[in-house]
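Structure, as structure tokens:
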Amino acid sequence: MNSLIEASRQLLGLPVLASKHGYEVDKFIVLVHWLMIVLFIGWFTYFVYALFRFSAKRNPKADHTGVRNHASNYIEVIVAVIEGVLLFAFAIPLWAQAVAEFPDPKTSTVVKVAAQQFSWNILYPSQNAELKGQDPVFPKQEFKWVAADNPFGVDKKDMEEKKCLQTLNELHVPVNKPVIVYLTSKDVIHSFKVIAMRITQDAIPGMMIPTQFTPNTVGVYQINCAQLCGQGHASMAGGRLHVDTQEDYDKWMASKTKSGGAATSFE
Ligand SMILES: [Cu+2]
Numbered sequence: 003m004n005s006l007i008e009a010s011r012q013l014l015g016l017p018v019l020a021s022k023h024g025y026e027v028d029k030f031i032v033l034v035h036w037l038m039i040v041l042f043i044g045w046f047t048y049f050v051y052a053l054f055r056f057s058a059k060r061n062p063k064a065d066h067t068g069v070r071n072h073a074s075n076y077i078e079v080i081v082a083v084i085e086g087v088l089l090f091a092f093a094i095p096l097w098a099q100a101v102a103e104f105p106d107p108k109t110s111t112v113v114k115v116a117a118q119q120f121s122w123n124i125l126y127p128s129q130n131a132e133l134k135g136q137d138p139v140f141p142k143q144e145f146k147w148v149a150a151d152n153p154f155g156v157d158k159k160d161m162e163e164k165k166c167l168q169t170l171n172e173l174h175v176p177v178n179k180p181v182i183v184y185l186t187s188k189d190v191i192h193s194f195k196v197i198a199m200r201i202t203q204d205a206i207p208g209m210m211i212p213t214q215f216t217p218n219t220v221g222v223y224q225i226n227c228a229q230l231c232g233q234g235h236a237s238m239a240g241g242r243l244h245v246d247t248q249e250d251y252d253k254w255m256a257s258k259t260k261s262g263g264a265a266t267s268f269e
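Those letters in the sequence shown? Residues 3 to 269, by the numbering used here.
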């Protein structure tokens with residue numbers, strides 16, 4: 003079964019996969035495609051058959067009785083059963099697993115992401131050494147502090163004291179460690195999509211929605227906006243997820259926060 007799934011992944015040309023749970027998503031995509039292929043071949047064959055069988059030449063007089071057997075009913079029931087199996091045996095368990103295995107923030111890389119027209123703002127929690135291994139601590143935030151140069155509405159002084167890093171379009175995470183992204187938006191509805199991680203989550207103004215994944219391959223991956231959000235929508239594909247080795251990640255973080263506080267960087 004697994005080699006058949008793998009062969010199908012290759013045949014469908016599914017994109018690069020770099021997260022732990024992603025294979026299960028691919029498996030589901032493959033199964034849905036198999037069903038679609040079978041339906042396509044079935045319908046197309048019937049279409050060609052109908053062109054000849056019911057041509058005006060062969061049937062000069064209309065038949066008002068129509069279909070006399072129940073083949074189409076049986077086929078519909080079979081297709082519905084297969085769709086039910088896909089939903090209850092694959093899709094729902096996949097989702098239930100993602101919810102049940104929500105990682106512990108203490109042992110995860112936790113970031114807040116605020117989407118805006120047309121980029122991704124990323125806020126890291128306090129990098130103070132004494133806080134490592136504890137629940138992430140973010141700077142104080144207020145709606146009234148939100149401004150063009152302060153998308154998270156943070157208290158800048160508090161941010162400096164807590165050594166919190168803010169970046170633009172550049173999300174670094176260490177490999178093989180769960181990542182929790184708390185998503186929101188500053189303006190309209192966006193959608194945070196990292197294809198290589200097989201995650202997509204809407205970013206909605208006024209809400210803070212968590213999404214999670216565990217990257218398992220070092221590399222640089224594109225962050226896309228999957229919700230048409232305005233004229234510059236396409237440029238949101240400029241977001242980059244850097245999956246680093248723990249060593250490289252520590253180096254990057256140190257280089258950004260070494261200035262001793264003012265750890266805000268807008269690149
Ligand atoms: Cu967008």
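Virtual Cβ for every residue (Gly too), placed ideally from N, Cα, C.
{"query": "Helix, strand or coil for Gly240, going by three-state DSSP, please let me know.", "result": "helix"}
{"query": "Could you pull out every residue in the same chain whose Cβ sits closer than 8 angstroms to the Cβ of Gly262, ignoring the five residues on either side in sequence?", "result": "For Gly262, the predicted structure reports a pLDDT of 46, less than 50, and the residue's modelled location is therefore unreliable. The matter cannot be settled from this model."}
{"query": "Would Leu96 pass as a contact of Val27 if the rule is Cβ separation under 8 angstroms?", "result": "yes"}
{"query": "When we look at the beta-carbon of Lys146 and count the other beta-carbons within 10 Å, is it buried (16 or more) or exposed?", "result": "exposed"}
{"query": "Which residue's Cα is closest to the Cα of His235: Leu243, Asn226 and Asp151?", "result": "Asn226"}
{"query": "How would you label Ser74, buried or exposed, when you count the other beta carbons within 10 angstroms and need 16 or more for buried?", "result": "exposed"}
{"query": "List in chain order: all unbroken alpha helix (DSSP H) runs of 4+ residues lying wholly within the region 175-263.", "result": "248-259"}
{"query": "Under three-state DSSP, which class holds Ala58?", "result": "coil"}
{"query": "Do Gln129 and Thr213 have their C-beta atoms closer together than 8 angstroms?", "result": "no"}
{"query": "Can at least three beta-carbon pairs, one atom from the region 170-186 and one from the region 237-255, be found at a separation below 8 angstroms?", "result": "yes"}
{"query": "For the beta strand (DSSP E) that contains Asn123, what are its first and last residues?", "result": "Ser121 to Leu125"}
{"query": "Are the C-beta of Thr186 and some C-beta of chain D separated by less than 8 angstroms?", "result": "Looking at the structure shown, chain D is missing, and only one protein chain is on hand."}
{"query": "I need the residues with a C-beta less than 5 angstroms from some heavy atom of ligand 1; please give them in chain order.", "result": "His192, Cys227, Cys231 and Met238"}
{"query": "Mind checking who Ala149 pairs with in its DSSP beta bridge?", "result": "Asn152"}
{"query": "Taking DSSP as the reference, what is the three-state secondary structure of Glu162?", "result": "helix"}
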